[in-house]
Every structure is written in C-alpha cells, then in structure tokens.
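*Asks:* Numbering (our numbering), first residue to last: -15 to 49.
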Amino acid sequence: MRMVSISTFVDMIRHVDVEFDMVVDCIANGTIPDLDGIAKVRHHLEVCTGPRSPYQSIIECELRR
C-alpha cells in the first residue's frame, strides 16, 4: 500500500480545482495534454477518457453538473 502525505494530496486537489475546466474539456474532447509527470498514467487516462471510451460522455456530464 502506498501512502501520500496529506499536504501532497491537498496540493493535488487544489491544482485540479484551479484547472477543473481544462480537465472537463480534455475529457469532452478525448485528448490528454502533455503535462509533466503523467507519462506513467497517460495510457490509462486515454483508455478511460479517449474518444472511443464508453465512459467519456458519462464522465463529462457528471463533472459539468
């Protein structure tokens, strides 16, 4: 089991909050921008949110609420 310090987790949540519109737009478009540090999870993100994903429209609708 991996543990993350609370300050790292809070920083991540704040960053997502600031960039929330970009996150939702990326899901809606099925694109993942070239961001630092996502190389290890990029494939998984593309599978879940890519243009052929059955979850794409569901996730987008839930996030836009």
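All C-beta atoms in this analysis are idealised placements derived from N, C-alpha and C, irrespective of residue type, glycine included.
Confirm, please, whether the CB-CB distance from Ile(-10) to Ile11 is below 9 Å.
*Replies:* No; because the gap between Cβ atoms is not below 9 Å, this pair is not in contact.
*Asks:* Measure the Cβ-Cβ separation of Val2 and Leu47 and say whether it is below 9 Å.
*Replies:* In this structure, Leu47 does not lie closer than 9 Å to Val2 by Cβ.
*Asks:* If you drop the 5 nearest sequence neighbours on each side, which residues of the same chain put their C-beta closer than 8 Å to that of Leu29?
*Replies:* Result list for Leu29: Ile16 and Ile22, in chain order.
*Asks:* If you run the structure through DSSP and keep just helix, strand and coil, what is Ser41?
*Replies:* Note: Ser41 maps to helix in three-state DSSP.
*Asks:* Would you kindly report the start and end of the unbroken alpha helix (DSSP H) that includes Ile(-3)?
*Replies:* Start and end: Ile(-10) to Val2.
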